[in-house]
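Going by the working numbering, the first residue of the sequence shown is number 169, and it counts up by one from there. Step one of this worksheet: look at the structure below.
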Amino acid sequence: MVTRHSLRFVIGCEDDFSRAERAIGSTGGPITIDAGIDSGTLLEIEEFRCLAAAARVSGASVIFSSDDPLRRELARIVGLQVEAPEPAVSAMRRALESNAPTRKFEPGDMPPVVPPPAVREPVPTLTEALNDYTNHGTHESYASFSFVITPPVPRRGDQVADEWRYDSGSFNVQPASRRYRSSRRVGKIAAIASVSAIALIMASAIVLIALIAPQATVTLVPATSAINADLTYGVAGAGTSYDVAIDPVPITTTLSYSATIPTTGSRSEPDGTSSGAILFTNPSTAELTVPAGTVVTGPDGTTFSTTEDVVVPPADPFGSLTMGSASIGIVASLAGPAGNVDAGILNGQLESGLFYSNRDATTGGTLKEIPVVAEADIETLRTQAEQDFSERAQAQIQNEIPAGYRALAGSGETGEPGFALSHEAGEDATELQIESTMRVSALAYDPDALHEMAREELSKRLSGSLPPDTVLLADTMKVDEPLEIDTISGNPEFRITASARARVVIDPRILAELKRDLVGASEANAVRRVSEIEGVSRFELDYGPDWFPLN
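In structure tokens form, the structure reads like this:
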């Protein structure tokens, strides 16, 4: 059976921490880490995480002991077992701090080593364990803890038979020198008190000297002068000349008009065909036949055709003393009212000798009226479009002007209107439609921008008119309201004026010389010396303190 012995390390500096690292990495037995309140290491939680990570890898049981409440709390956060300070530990620390002889292990003092029966996996050092902890910080074995969560008990590695065996004892490491903070704090407080006392004495002396030492105050009032500037400004245009001008902005829009009216023109064409009856008379003693389509002609050249065949009986000159006759229907060859003839108008004789005549008027010939586009219709629509454009042009261009802008008087222009008609004059149509457009344009300007340009230029002119070695007093600058000037062209034109005061700037070198010259000078010499400075309107000499005699 392998016996485990407890080891204790007193940590006072970084070297002690490195020895503890090697011990944790080479043994699985219980190890107690003792860090006093004056220890120079184990001040941050990352160092405690290194110890906890190494203990997990090697399976060693690490117990932390300290009389520092903060270090004990950090050890609990990372999951180390914390041991409260015992009298024995305190006695050992007092012995170390009283320069008691320290036992050091020599090579001959080390306990015999039992060789391992088999090759073990190399145990990582504390640094390697820390790297592994840093690179796998999200692994479940390295969970982080806060003050709220109770840290888990660190897991121990399985015991193996090939472990180091030691006699009962502890590694004693010479601790770091104790820091005497109280003594240093007292010295620091004493030094600060001494410096403060000296500073207070010096300040009191300065104030006392300032109160009782005689002094003279010289007040110089620089001279000021009035400056003025004026300019004219307006909208740029042909024949205009201003100090400041703004270019107008062209505004363009297109008006449209559409209308439809019925046509007033018309034309006629034949529609119905005239018809009636014709009487044939046969003066011969022979029967005569009139075939259908036989043409008879009127006096004005109008022709008619018979509608069917007819047989005209012969005359009876010996008996009844009458001529044979027969009536048959006729139709005018052409449609229209020309075929309407009165009774008795159609008279004549056929080549066969038959006489013909209409006993009744022919009727039924008519004309049809067809509407057409008249010239007057086109003129009516053109007039309507032009009148609409004239009424709407000004309002339409005004709607196109941006907010804050103003139209330039007399700048409105209209283009030639364009017309598109659905029919030409003389064409058959019952309605006539027109589509018309006209371009309208004008010039506009921004009055606010114009006035701002004028004020900026006026300010530049005021600054440019400053006499040498003077500055403009901004609070004295006064800009009058713009005055609009009436012009023949109607374009807006303004005049603006401004005034201010300029103050002389006295050269700092002259003031430095004056200060040197007035030291120890009499009042008369001081007055004469100050009077020699150019650009000073007045000055004052004030002596103090009140009890100091002037002469």
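Note that CB positions come from ideal geometry on N, CA and C, so glycine has one too. Please read these numbers as outputs of a predicted model, since none were measured by experiment.
> Does the region 429-436 come within contact of the region 533-544, defined as at least 3 CB pairs closer than 8 Å?
Replying inline: yes
> In three-state DSSP terms, what is phenylalanine 707?
Replying inline: strand
> If you scan the region 612-700 from start to end, which runs of the alpha helix (DSSP H) of 4 or more residues do you find wholly inside it?
Replying inline: Counting only runs of 4+ residues, the alpha helix (DSSP H) found wholly inside the region 612-700 occupies 615-632, 676-686, 691-699, in chain order.
>> Based on DSSP bridge pairs, tell me the residues matched to serine 604.
In response: Bridge partners of serine 604: Tyr425, Phe587.
>> Quick check on DSSP: helix, strand or coil for valine 386?
In response: strand
> Among the residues of its own chain, which have a CB less than 8 Å from the CB of arginine 684, if the five just before and after it don't count?
Replying inline: none
>> Helix, strand or coil, according to DSSP, for valine 316 in the structure here?
In response: Any reading at valine 316 needs caution, since the residue's pLDDT is 31, under 50, leaving its predicted position unreliable; the model's value is listed next. Residue state, collapsed to three classes: coil.
>> Does the region 449-465 come into contact with the region 397-407, if we say contact requires no fewer than three beta-carbon pairs (one atom in each stretch) closer than 8 Å?
In response: no
> Which same chain residues, not among the five before or five after aspartate 648, have their C-beta less than 6 Å away from its C-beta?
Replying inline: Thr665
> Who are the near neighbours of methionine 621 in its chain, counting only those whose CB is closer than 8 Å to its CB and skipping five residues on each side?
Replying inline: Tyr401, Val412, Ile414
> In three-state DSSP terms, what is leucine 238?
Replying inline: helix
> At what residues does the alpha helix (DSSP H) containing arginine 527 begin and finish?
Replying inline: Here arginine 527 belongs to no alpha helix (DSSP H), and DSSP marks it neither H nor E.
>> With DSSP as the reference, identify every bridge partner of arginine 435, one or two as the case may be.
In response: According to DSSP, which records beta bridges pairwise, arginine 435 is partnered with Ile538.
>> I want to know whether the region 664-682 touches the region 633-651 - three or more CB-CB distances under 8 Å.
In response: Contact between the region 664-682 and the region 633-651 is present, because at least three Cβ pairs lie under 8 Å.
>> Rounding to the nearest angstrom, what Cα-Cα distance links leucine 423 and alanine 561 in this structure?
In response: 7 Å
>> For serine 495 and arginine 527, I'd like the C-alpha separation in whole angstroms.
In response: Serine 495 and arginine 527: Cα-Cα distance of roughly 10 Å.
>> Taking 8 Å as the threshold (C-beta atoms), are aspartate 614 and glycine 572 in contact?
In response: yes
> Is it a yes or a no for the region 673-687 touching the region 587-603, going by three-plus beta-carbon pairs under 8 Å?
Replying inline: no
> How many whole angstroms separate the CB atoms of threonine 475 and isoleucine 498, which I take to be in contact at a CB cut-off of 8 Å?
Replying inline: 7 Å
> In whole angstroms, what separates the C-alpha of glutamine 601 from that of threonine 548?
Replying inline: 11 Å
> From what residue to what residue does the alpha helix (DSSP H) around alanine 413 run?
Replying inline: Unbroken run through alanine 413 is the beta strand (DSSP E), 412-414; no alpha helix (DSSP H).
> Helix, strand or coil for aspartate 202 per DSSP?
Replying inline: strand
>> Tell me which residues share the same chain as serine 627 and place their Cβ nearer than 6 Å to its Cβ, disregarding the 5 neighbours each side in the sequence.
In response: none
>> With a threshold of 7 Å on Cβ separation, who are the neighbours of leucine 456 within its own chain once the five nearest residues in sequence on each side are excluded?
In response: Asn450, Val480, Ser520, Leu522
>> Rounded to the nearest angstrom, what separates proline 570 and serine 631 at their Cα positions?
In response: 35 Å
>> Please report the straight-line C-alpha distance between tyrosine 410 and glutamate 661, rounded to a whole angstrom.
In response: If you draw a straight line from the Cα of tyrosine 410 to the Cα of glutamate 661, it comes to about 8 Å.
>> Rounded to whole angstroms, what is the Cα-Cα separation between leucine 518 and serine 525?
In response: 11 Å
>> Residues in the same chain with beta-carbon distance under 6 Å from phenylalanine 216, minus the five sequence neighbours each way, listed in chain order, please.
In response: Leu242, Ala243, Val246
>> In the DSSP assignment, the beta strand (DSSP E) including alanine 229 goes from what residue to what residue?
In response: The displayed chain sequence assigns serine, not alanine, to residue 229. Per DSSP, serine 229 belongs to no beta strand (DSSP E) and is neither H nor E.
> Under a Cβ-count criterion, where at least 16 other Cβ atoms within 10 Å of its own Cβ denotes burial, should proline 275 be classed as buried or exposed?
Replying inline: Its pLDDT being 40, under 50, proline 275 is placed unreliably in this model, and the value from its coordinates should be taken loosely. Classification for proline 275: exposed.
> In the structure shown, what three-state DSSP assignment does phenylalanine 448 receive?
Replying inline: Three-state result, phenylalanine 448: strand.
>> Quick check: what's the CA-CA separation for cysteine 181 versus leucine 210?
In response: 9 Å
> Whose C-alpha, out of Ala223, Glu251, Val478, is nearest the C-alpha of serine 234?
Replying inline: Glu251
> With a CB to CB cut of under 6 Å and the five nearest residues on each side skipped, what residues in its chain are close to glutamine 249?
Replying inline: Beyond the five residues adjoining it in sequence on each side, glutamine 249 comes within less than 6 Å, by CB distance, of Ile231 in the same chain, given in chain order.
> From this set, Arg629, Ala577, Ala191, Leu686, which residue's C-alpha is nearest isoleucine 395's C-alpha?
Replying inline: Distances from the alpha-carbon of isoleucine 395 to those of Arg629, Ala577, Ala191, Leu686 put Arg629 closest.
> Considering only the beta carbon of each residue, do glutamate 592 and valine 541 sit closer than 8 Å?
Replying inline: yes
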